[in-house]
Structures are given as structure tokens and as C-alpha cells.
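Asks: Before anything else, here's the structure in question.
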Amino acid sequence: MRFSQLFSRTLKEIPSEADTVSHQLLLRAGMIQQVAAGVYSYLPLGWRVLKKIEQIIREEMDMAGGQELMLPSLQPFELWERSGRYPAFGKTLFTITDRREHTLVLGPTHEEVITDLVARFVQSYRDLPLLLYQIQNKFRDEPRPRGGLLRVREFIMKDLYSFHVDEADLDRTYEEMIQAYRKVYTRCGLPAVMVEADSGAIGGKESHEFMLIASTGEDGIVHCADCSYAANLEKAESSKPKFEKKPPMPLEEIPTPNIKTIEEVANFVGVPANQTLKAVFYSADDELVFVVIRGDLEVNETKLRNLLKCAELRLATEAEVNAAGLVAGAASPVGLKGLKIVADDSITLGSNFVAGANKPDTHLKGVNYPRDFEVNVIADIATARAEDGCPRCSGNLFSSFGIEVGHVFKLGTFLSEKLGATFLDKDGVSRPIIMGTYGIGLGRLLAAAVEQNHDDKGIIWPMSIAPYQVYLCPLRLENPKVLKSAQKVYQQLMKKNVEVLFDDRDDSPGVKFNDADLLGIPLRLTISPRTLESGSVELKWRKEKKTELVPLEEITSLVHRLIRNAIKHSPD
Ligand SMILES: [Zn+2]
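All residue numbers in the sequence shown are consecutive under our numbering, ending with 599.
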């Protein structure tokens with residue numbers, strides 16, 4: 028491709044609307060263009076990257092036994108009524124009304140459509156298992172589109188759905204899909220970490236996410252230094268510090284004038300935060316819930332939502348708290364009546380706590396569970412902390428941030444039951460099909476690749492997904508020798524099927540080198556009057572500083588070999 032003809036324009040300045048590194052660099056490199064909030068066009072350079080990612084994913088899905096098909100973006104709303112999932116999606120679901128006043132959904136995902144399709148085809152156990160996938164646009168009305176391609180309203184996704192006669196068969200496919208996903212990321216040159224993920228309140232027993240570790244990631248992750256445990260913070264457990272149980276002391280009221288927060292209470296009474304009990308009030312589907320947790324820990328709202336199996340969970344308003352007769356700042360489970368009380372299991376890992384007294388400016392000392400209060404539910408609802416131990420071994424946890432670039436999920440039977448997707452087993456008994464679902468957002472993976480692979484000059488693409496493999500950069504094109512050599516190298520490389528962006532523009536070396544760095548093409552070849560003095564081409568890797576001179580007659584075969592090795596030796 029000749030740069031002079033390329034539909035693109037590089038920008039020197041950082042566009043003001045760009046809020047993440049990948050957003051800035053993809054805009055500056057002329058790879059994407061925003062059309063509306065969370066809606067983007069891919070320009071030719073960006074589209075080439077996307078197509079390469081797509082092809083790697085397609086090959087690995089085919090290898091794992093997937094069959095590609097194509098489902099429509101327009102879905103009857105009736106399918107979502109039958110599955111019962113539309114309240115969970117809420118306003119994220121794009122809906123439209125057609126001329127006959129029928130409501131249609133712009134597909135945010137395709138479990139409903141494909142389960143309905145499979146229900147019409149599968150009759151007996153002989154028709155299973157099935158692995159069906161597509162690579163297609165999805166629509167989600169995100170409340171806050173951000174980060175360029177990281178959180179958008181229209182995006183391209185690979186979604187594979189698997190259908191099985193029993194759990195063992197689903198487990199087998201789930202493992203195979205995990206291996207296929209690992210291969211996808213390795214081949215893209217993007218090492219991803221697999222973490223345990225939240226599988227939500229509705230059905231589903233197991234779920235994992237693949238994360239690219241990046242300081243700009245919006246998902247918190249904890250990993251164990253000693254074993255393979257890794258989890259999204261939404262789901263992560265930890266070994267909470269335990270404190271020696273002392274003989275229970277009698278309950279004692281203490282005046283605590285204007286003392287409200289846990290920190291203030293702990294300081295005032297002279298105990299560590301882990302010897303206090305914290306009360307937090309939530310509204311779960313409009314029911315007020317009293318949550319009690321040890322004072323050094325925080326409530327994990329994902330765990331709480333799953334425990335309560337509610338659709339909407341939010342902190343209760345001051346008015347709701349007052350209406351229930353609670354004393355904010357001094358609320359207590361002790362003596363509380365008529366409210367659902369949910370406790371974190373940390374209340375059992377200590378004794379003689381300081382808690383509120385349900386009276387203004389008053390707390391209680393010597394609070395012990397279960398002597399002094401009862402709860403309706405007790406479970407782990409705390410946010411894991413890196414300083415706590417690994418829940419699986421005695422190792423230390425450490426935390427990092429990641430960008431989710433894939434999700435695999437054992438769905439089970441709740442959708443097939445709702446949508447009537449059944450099969451006859453060997454004994455002729457009708458049973459619901461067991462399902463799994465496996466997604467990768469392609470644009471997100473592309474953006475995450477940039478978040479993970481860049482420097483202050485621009486993008487550094489891994490070879491396997493780079494828009495072009497070689498940036499051919501002749502300097503002083505007015506010099507006929509330079510022009511002739513550059514054209515010759517260009518033709519020779521193209522004959523070898525090397526993907527070359529030929530910078531045939533009449534620009535200064537500074538402009539050309541800056542664009543080469545910004546676009547992030549892995550190999551740069553510079554031809555100038557100076558390199559031609561020794562009959563050479565200067566070769567430079569984008570990710571390295573050093574350059575080397577290579578004789579003109581050797582450059583084609585060397586480049587060919589370097590590219591082959593770079594793609595073959597993707598990091599694991
Ligand atoms: Zn561990």
C-alpha cells in the first residue's frame with residue numbers, strides 16, 4: 028500500500044475527547060473515527076487489524092469444532108419476554124418499533140435467538156453436542172460509553188454457544204474453549220490471564236474471564252503468588268484475618284457524641300477497626316436491607332446482589348433509612364426488629380465488638396454474635412483485599428488491573444427450559460439441553476492491545492495483528508537512486524507476500540519517522556542516500572532502539588524470515 032493513497036490522516040495533537048491511551052492513539056493514527064457517542068467507524072488501517080484478529084479467532088473456533096453461522100441483529104422482543112431476561116438488561120437493551128407496531132430488539136447478545144433456532148432442529152441426543160458461533164455486531168445502550176473502543180454501544184463480537192446432553196459434556200467443551208481462547212490470545216501476541224468471574228444472579232454455575240493486564244484496566248483482579256488462584260474482584264474471595272476469641276464481656280453502652288464513621292468510632296473507643304461492626308443500608312428491589320460487616324472490610328455489592336437474587340441493588344437513601352427508624356451513624360443489629368439483616372461471615376471472626384446502639388450518639392461495647400443479635404443470612408459478602416491471604420492456599424495475594432477481553436460461561440439449562448429447547452435421551456425421556464456461552468469482543472481486544480503495547484511515540488503492534496508488517500521509509504525521494512531502490516524493495520517484498528506500507532510521500536524524515544512510530548508497524552526499513560553508500564537498508568524494530576544495516580540483496584529474505592519467526596514465536 029502506498030501511503031500517499033491511504034485513506035487516513037495522522038494527528039500530532041491529542042484529540043480532546045480521547046480519555047484513554049488506546050482512544051488517543053487509535054484516533055491519532057487514523058485507525059478509527061467517532062460517529063456518535065460509543066459508535067465508531069474503522070478506517071482501513073484499523074479494519075486490517077480487526078480482520079486479522081477476526082481470522083485468528085475464526086481459525087481457533089473452527090479448530091475447536093465450532094460451526095460458523097450468521098444470526099440477525101433484529102430480534103423479536105417476544106423472545107426476550109419468553110426468556111425473561113429483558114429486565115436484567117433494562118435500558119441497555121436497544122428496542123425499536125416497526126411499522127406494524129411490533130417491538131424488536133437490536134441484539135445485545137444472541138442466546139435467545141440461537142436457543143430458539145436449536146430448539147427447532149434438535150430432537151434427540153444424537154443431534155448433540157453442537158458448537159455454533161458467529162462474528163457480528165452487537166448493540167448495547169451503555170449509560171456511559173467511554174475509552175474509545177473499550178466501552179461502546181455498537182461492537183463486533185465473536186459469540187459461540189454450545190449445546191450438550193449432560194454436564195460432563197459441557198465441562199469437556201468448556202475446557203476445550205478455554206484452551207482455544209488461550210491460543211487466540213497467544214497468536215494475537217497478547218498474553219491474557221484467566222480469572223474466576225461473577226456469573227450473575229440468574230442461573231449459570233461457572234464463569235471465567237480473560238484479562239489483559241494493563242494499569243489503565245477498569246477491572247480489579249487478585250492473583251495468588253503461589254497457586255493458580257486468580258479472580259475478578261467482583262467475585263474474589265480471600266482468607267479474612269481472624270482474631271482470637273476472647274471471653275465475652277457484658278454489653279455496655281458508651282456515649283459517643285458526634286462520632287459516626289467507623290474510623291471515628293475506633294479512634295474514640297481506642298480499638299482497631301477490625302473490632303467494630305459496620306452497618307450499611309441497601310435497597311434491594313425496593314426492600315430495605317440491613318447489612319452488617321466487620322469494620323475493617325467493605326461490602327462487595329456484586330456478592331450481595333447475587334446473595335439476595337435481586338435485580339436492582341443500591342445504597343438506601345437517607346429518607347429510606349430515617350423512615351425505617353434507623354439511626355444513621357449509630358445503627359445496630361442489636362435489638363433490631365422488622366428488617367432483613369444480612370451479615371458478612373467476618374462477624375464470626377472476632378469478639379467483643381463495638382457497634383451502634385440504635386440511639387443517637389451512643390454505641391455498645393462487648394457485642395458478640397450470636398449472643399446479642401440474630402441475622403437472616405450470613406455469607407461472604409466482603410470485597411477481597413490483597414493483604415488478606417489466598418483463599419485456596421496459604422500464599423499471598425496481589426492485585427492488578429485488567430481489561431476484560433473474553434468471557435466463558437456455563438449457562439446450564441435455565442434458557443433452554445424457558446425457550447423449550449429439549450431433546451429425547453437414550454430412554455426416550457425429554458430433557459432440557461445444557462448450554463454454554465463464550466464471547467470475545469474484537470474491538471475491545473484491539474483497543475486493549477494498544478493499552479498494553481505502546482510507548483510515548485505511539486502504538487507497538489504485535490506482528491500477527493499489525494495492519495502492515497513493514498513500514499518502508501525512503502528518505503529524499505527526489506534522489507533517483509533512493510526512489511529506484513525503494514520501489515525495487517517494495518516489489519520484492521510484495522512478491523513474498525509481505526504486507527508493506529510504502530511511505531512514498533514527499534515529506535521530511537522527521538514526519539515519516541514520527542508516523543512510523545505512531546502507526547506502530549513492527550519493522551521499519553529506511554532507504555536513504557547514506558544507506559545506499561554501502562548498498563544497504565537500515566532495519567529497525569518498532570519495539571527496539573537499535574538499528575542495523577542490511578545489504579540490499581539480503582533484505583527481502585531476511586524480512587521474510589523475521590516476520591515468520593515473530594508470528595511463530597508469539598509469547599505464551
Ligand atoms: Zn494460592
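Where a beta carbon is used, it is the ideal one built from N, C-alpha and C, also for glycine.
Since we're looking at a predicted model, the values are computed, not measured.
In this structure, what does DSSP give as the bridge partners for alanine 601?
Replies: Residue 601 falls outside the range modelled here, since the chain spans only 28 to 599, and no answer is possible.
Asks: On the criterion of 16 or more Cβ atoms from any shown chain inside 10 Å, does phenylalanine 148 qualify as buried, or is it exposed?
Replies: Looking at its Cβ environment, which holds fewer than 16 other Cβ atoms inside 10 Å, phenylalanine 148 is exposed.
Asks: Which value, in whole angstroms, describes the spacing of the CA atoms of threonine 122 and phenylalanine 104?
Replies: Spanning the two alpha carbons is a distance of roughly 8 Å.
Asks: Please name the residue, chosen from Phe436, Ala258, Ser443 and Val381, that lies closest to phenylalanine 425 on a Cα-to-Cα basis.
Replies: Answer by Cα proximity: Ala258.
Asks: Bridge partners for proline 135 per DSSP, in chain order?
Replies: DSSP output for proline 135 lists no bridge partner at all.
Asks: Going by CA-CA distance only, name the one from Leu131, Ile492, Thr288 and Asp534 that's closest to threonine 303.
Replies: Checked all of Leu131, Ile492, Thr288 and Asp534; the closest Cα to threonine 303 is Thr288.
Asks: In this structure, how does DSSP classify asparagine 51 when only helix, strand and coil are distinguished?
Replies: Rather than asparagine, the amino acid found at residue 51 in this sequence is glutamine. Of the three classes helix, strand and coil, the one that applies to glutamine 51 here is helix, per DSSP.
Asks: Hey, would you say the C-beta of glycine 422 is under 6 Å away from at least one heavy atom of ligand 1?
Replies: At least one heavy atom of ligand 1 is nearer than 6 Å to the Cβ of glycine 422, so yes.
Asks: Using only alpha-carbon positions, find the residue among Arg75, Leu579 and Gly547 that is nearest to serine 555.
Replies: When each option's Cα is compared against that of serine 555, the closest is Leu579.
Asks: In this structure, does DSSP put serine 584 in helix, strand or coil?
Replies: DSSP places serine 584 in helix when its eight states are reduced to three.
Asks: Measuring CA to CA, which of Thr449, Leu278 and Gly365 is closest to glutamate 314?
Replies: Among Thr449, Leu278 and Gly365, the Cα nearest to that of glutamate 314 belongs to Gly365.
Asks: For the beta strand (DSSP E) containing proline 501, list its first residue and its last residue.
Replies: Counting along the chain, the beta strand (DSSP E) containing proline 501 begins and ends at 497-501.
Asks: Among the residues of its own chain, which have a CB less than 7 Å from the CB of isoleucine 590, if the five just before and after it don't count?
Replies: Within the same chain, isoleucine 590 has close Cβ partners Met490, Gln496 and Val525.
Asks: Determine the closest residue to threonine 553 out of Gln514, Glu325, Val404 and Ile162, with distance taken between C-alpha atoms.
Replies: Checked all of Gln514, Glu325, Val404 and Ile162; the closest Cα to threonine 553 is Gln514.
Asks: At a threshold of 6 Å, does cysteine 417 count as lining ligand 1 (C-beta to nearest heavy atom)?
Replies: It does: the Cβ of cysteine 417 is within 6 Å (strictly closer) of some heavy atom of ligand 1.
Asks: Three or more beta-carbon pairs under 8 Å between the stretch 439-450 and the stretch 105-114, yes or no?
Replies: The answer is yes - the stretch 105-114 touches the stretch 439-450, with three or more Cβ pairs under 8 Å.
Asks: I'd like the span of the beta strand (DSSP E) that includes glutamine 161, first residue to last.
Replies: Per DSSP, glutamine 161 belongs to the beta strand (DSSP E) from 157-166.
Asks: Could you pull the DSSP bridge partners for threonine 122 from this structure?
Replies: In the DSSP output, where bridge partners are listed per residue, threonine 122 has Val132.
Asks: What do you reckon, is the C-beta of aspartate 253 under 6 Å from a heavy atom of ligand 1?
Replies: Yes, since a heavy atom of ligand 1 falls inside the 6 Å radius drawn around the Cβ of aspartate 253.
Asks: Assuming isoleucine 461 and histidine 191 make a contact with CB atoms under 8 Å, what is their CB distance in whole Å?
Replies: So it is a contact: roughly 4 Å between Cβ atoms.
Asks: What does the alpha-carbon distance come out to for the pair leucine 342 and tyrosine 69?
Replies: Roughly 40 Å separates the two Cα atoms.
Asks: Could you tell me if the beta carbon of tyrosine 256 falls within a distance shorter than 6 Å of some heavy atom in ligand 1?
Replies: Yes.
Asks: Quick one: Cα of isoleucine 467 to Cα of leucine 217, how far?
Replies: Each residue's alpha carbon lies about 13 Å from the other.
Asks: Entirely within the stretch 437-512 and at least 4 residues each: give me those alpha helix (DSSP H) ranges in chain order.
Replies: Whole alpha helix (DSSP H) segments, 4+ residues: 441-446 and 469-479.
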